[in-house]
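**Student:**
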DNA sequence: GATTAATCGCAAGATTTTCGCGCAGGGTGA
DNA sequence: TCACCCTGCGCGAAAATCTTGCGATTAATC
């Protein structure tokens, strides 16, 4: 039913790098016909193996020049407060990812802002919350991303 | 030249959510013709505003069931050693992101492995390195992702 | 060894993207 | 103010790509 075979795994690996490859390109790399590759891709999308296909946008061009890892420590309280906080954080455009983690901190967020000043304002607005007992900020000096192997002509 | 106007920003916002929309769909949302949208998209790719377009794959289906944040502290040493380490980390399939950060740690990685056991093996193989003086692991219990607003079918 | 189910490749048809063209709006300088 | 250029628009044709029906092949089951 939802079985993933080696062809599927190959396709997923390729699509994780570049999801805009044509059926022909995929076919050549995995050794199937273009039609079969695309049929498999349809299925992978349908069963949720491919959750989404998204563009990665240069953050500076959206005016988000700095990245910070925010470690939030929550006040022990009801699940409701926690859910509410989570929902709120999910909706903030500055919040890129939310990890619920083990250890002294409860959440680790990756946050992107226009400037340090904007991050300061962000923390003042959102981290001084009844559900949050404290936070720590780790500033990202630079992010290293795996390059795309073959920036098409 | 490389100017980003409001149409571009709208397109980028839409493509960040779903980069597989057709020219027609984009056109309807931003109020331009399909051809113009696609021409802008070509340009956004060319100037690097759209860095990549990737599929987000359900990690379990790739056999990567757990996520860990690894905080690496480096031994003070030459730039060469640091560069070499960075290059090495970039190539590991388990390493999803690499942040070079301020604070006591030098690097924060997001690492995906099949199991805790696999993570342990991973650390033994890669974190006991002359360039690394120590590391801390924060296990991700759960990740909350912003949902895609309208899974078209 | 027959039957069933899955999936392949092929190729026609539908959809989407690319691109040349002519035109409108906005600066610029005489 | 008036040419003039430059940019970006929409239109529509051509090219590229994706989808799907079909018969054939293969693997598994009984």
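Residue numbers (the working numbering), protein chains in the order written: chain H, 13 to 165; chain V, 13 to 165. Where a beta carbon is used, it is the ideal one built from N, C-alpha and C, also for glycine.
1) Looking at the C-beta of residue 78 (chain V), does it have a partner C-beta in chain H at a distance below 7 Å?
2) List the whole-angstrom C-beta distance separating residue 81 (chain H) from residue 111 (chain V), where the pair is believed to meet the contact cut-off of C-beta under 8 Å.
3) Restricting to Cα atoms, I'd like to know which of H:89, H:106 and H:43 is closest to residue 128 (chain H).
4) Taking Cβ positions, are residue 67 (chain V) and residue 65 (chain H) nearer each other than 7 Å?
5) Alpha carbon to alpha carbon, how far is residue 90 (chain V) from residue 87 (chain H)? Give it in angstroms, no decimals.
6) Step through the CB atoms of chain V and report whether any lies within less than 7 Å of the CB of residue 46 (chain H).
7) Between residue 166 (chain V) and residue 158 (chain H), what straight-line distance do the alpha-carbon atoms span, to the nearest angstrom?
8) By how many angstroms is the C-alpha of residue 123 (chain H) removed from the C-alpha of residue 108 (chain H)?
9) Does the Cβ-Cβ distance between residue 144 (chain H) and residue 115 (chain V) come in under 7 Å?
10) For residue 22 (chain V) versus residue 69 (chain H), is the C-beta spacing smaller than 7 Å?
11) Would residue 111 (chain H) pass as an interface residue toward chain V - the criterion being a Cβ-Cβ separation below 7 Å?
12) What are the start and end residues of the alpha helix (DSSP H) that includes residue 146 (chain H)?
13) Could you have a look at residue 15 (chain H) and say whether DSSP puts it in helix, strand or coil?
14) Could you check the C-alpha separation between residue 137 (chain V) and residue 38 (chain V) for me, to the nearest Å?
15) Quick check: what's the CA-CA separation for residue 71 (chain H) versus residue 125 (chain H)?
16) On a Cα-Cα basis, can you pick out the residue from H:49, H:20 and H:120 that is closest to residue 61 (chain H)?
17) For the stretch 111-132 of chain H, list every residue whose C-beta sits within 7 Å of some C-beta in chain V, in sequence order.
18) Give the straight-line distance between the Cα atoms of residue 35 (chain H) and residue 24 (chain V), rounded to the nearest whole angstrom.
19) Please classify residue 102 (chain V): is it buried, with 16 or more other beta-carbons within 10 angstroms of its beta-carbon, or exposed?
**Tutor:** Let me lay it out:
1) As a working mapping, residue 78 (chain V) is identified with position 66 in the second chain. Not flagged as an interface residue toward chain H: residue 78 (chain V), since no C-beta distance is shorter than 7 Å.
2) To locate residue 81 (chain H), count along the first chain from 1; it is residue 69. To locate residue 111 (chain V), count along the second chain from 1; it is residue 99. Rounded, the Cβ-Cβ distance is 7 Å, consistent with contact.
3) On the first chain, position 116 is the one that residue 128 (chain H) refers to. Ranking the options by Cα distance to residue 128 (chain H), first place goes to H:106.
4) By 1-based counting over the second chain, the position of residue 67 (chain V) is 55. By 1-based counting over the first chain, the position of residue 65 (chain H) is 53. Taking 7 Å as the Cβ cut-off, residue 67 (chain V) and residue 65 (chain H) qualify as a contacting pair.
5) Along the first chain, read from residue 1 onward, the residue named residue 87 (chain H) stands at position 75. Along the second chain, read from residue 1 onward, the residue named residue 90 (chain V) stands at position 78. Their backbone Cα atoms lie some 43 Å apart in a straight line.
6) Here the question's residue 46 (chain H) lines up with position 34 in the first chain. No - not a single Cβ of chain V is within 7 Å of the one on residue 46 (chain H).
7) Because chain V spans 13 through 165 in this model, residue 166 (chain V) falls outside it and cannot be assessed.
8) For this step, residue 108 (chain H) is matched to residue 96 along the first chain. For this step, residue 123 (chain H) is matched to residue 111 along the first chain. Using only the alpha carbons, I get a separation of about 6 Å.
9) As a first step, residue 144 (chain H) is located in the first chain; it is residue number 132 there, counting from the start. As a first step, residue 115 (chain V) is located in the second chain; it is residue number 103 there, counting from the start. No, the pair does not count as a contact, with Cβ atoms beyond the cut-off.
10) For the purposes of this step, residue 22 (chain V) is taken as residue 10 along the second chain, with counting starting at 1. For the purposes of this step, residue 69 (chain H) is taken as residue 57 along the first chain, with counting starting at 1. Their beta carbons are not under 7 Å apart, which means residue 22 (chain V) does not touch residue 69 (chain H) by this criterion.
11) As a first step, residue 111 (chain H) must be located in the first chain, where it is residue number 99. Interface residue, yes.
12) In the first chain, counting from the first residue as 1, residue 146 (chain H) sits at position 134. First-last for residue 146 (chain H): 144-156, but that is the beta strand (DSSP E), not the alpha helix (DSSP H).
13) The count along the first chain starts at 1 and reaches residue 15 (chain H) at position 3. Residue state, collapsed to three classes: coil.
14) The residue you call residue 137 (chain V) lines up with position 125 of the second chain. The residue you call residue 38 (chain V) lines up with position 26 of the second chain. About 47 Å.
15) Taking the first residue of the first chain as position 1, residue 71 (chain H) is located at position 59. Taking the first residue of the first chain as position 1, residue 125 (chain H) is located at position 113. For residue 71 (chain H) and residue 125 (chain H), the distance between alpha carbons rounds to 9 Å.
16) What you label residue 61 (chain H) is simply residue 49 of the first chain in a count that begins at 1. Of H:49, H:20 and H:120, the residue nearest in Cα terms is H:20.
17) 111, 112, 113, 114, 115 and 120
18) Here residue 35 (chain H) corresponds to residue number 23 of the first chain, with the count starting at 1. Here residue 24 (chain V) corresponds to residue number 12 of the second chain, with the count starting at 1. Taking the straight line from one Cα to the other gives about 25 Å.
19) Looking up residue 102 (chain V) in the second chain gives position 90. Exposed, by the Cβ-count rule.
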